Amino acid sequence: MSAVEEKLAELGLILPDVVPPLAAYQPAVQSGVYVYTAGQLPMVDGKLPVTGKVGAEVTPEEAKELARTCALNALAAVKSVVGDLDRIARVVKVVGFVASASDFTGQPAVLNGASELLGEVLGEKGVHARSAVGVAVLPLDAPVEVEVLVELTHA
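Here's what the structure looks like:
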């Protein structure tokens, strides 16, 4: 087990299986020393635990937890490409999308769920740049979607 997966276990988390693509794309792609993930939905055992807009059907607190799940799914996508999460040199960028009620403006707080998880699991390597974007709707009526760009060690 990698040190990253040991840290996940300490946090009571298990790296899930990679979420199968919903359309014509790969969950993650490596280019040189970078891995780009596709947008990761908060799927758990192949299903969305909650659907709807944040600030309407979904509370910001629920959405923050869903963003954590998205980040965990992103780590699984990275592992599917590189085989060992200990190869992560750093998380470079996180882009998060929040399906938002028209008056909801708390997208950054929602995306803190993903950012905080990456920091808890990867320490300084998990500190990243980020965009938090409010959108009208996401695939499958998901409340949150997260994509991650990581840099790998040269090993």
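Read in order, the letters of the sequence shown are residues 0 to 154 in numbering that gives the first Met the number 0.
Note that CB positions come from ideal geometry on N, CA and C, so glycine has one too.
Since the model is a prediction, treat every value here as computed from it, not as a measurement.
VAL134 - partner residues in DSSP beta bridges: ALA98
LEU116 at chain B interface by Cβ criterion, 8 Å: Here chain B cannot be found, since the structure has a single protein chain.
Distance between beta carbons of GLY112 and ALA66, contact taken as under 8 Å: 3 Å
The stretch 71-81 in contact with the stretch 2-16 per 3-pair CB rule at 8 Å: yes
DSSP bridge partner residues for VAL43 (one or two, in chain order): LYS46
Best match in LEU137, VAL90, THR152, LYS92 for proximity to LYS52 [C-alpha to C-alpha]: LEU137
Identity of the residue in VAL49, VAL32, GLN106, ASP83 nearest ARG129 by Cα: GLN106
Contact under 8 Å by Cβ, VAL149 with VAL97: no
Alpha carbon of VAL93 to alpha carbon of LEU110, nearest angstrom: 9 Å
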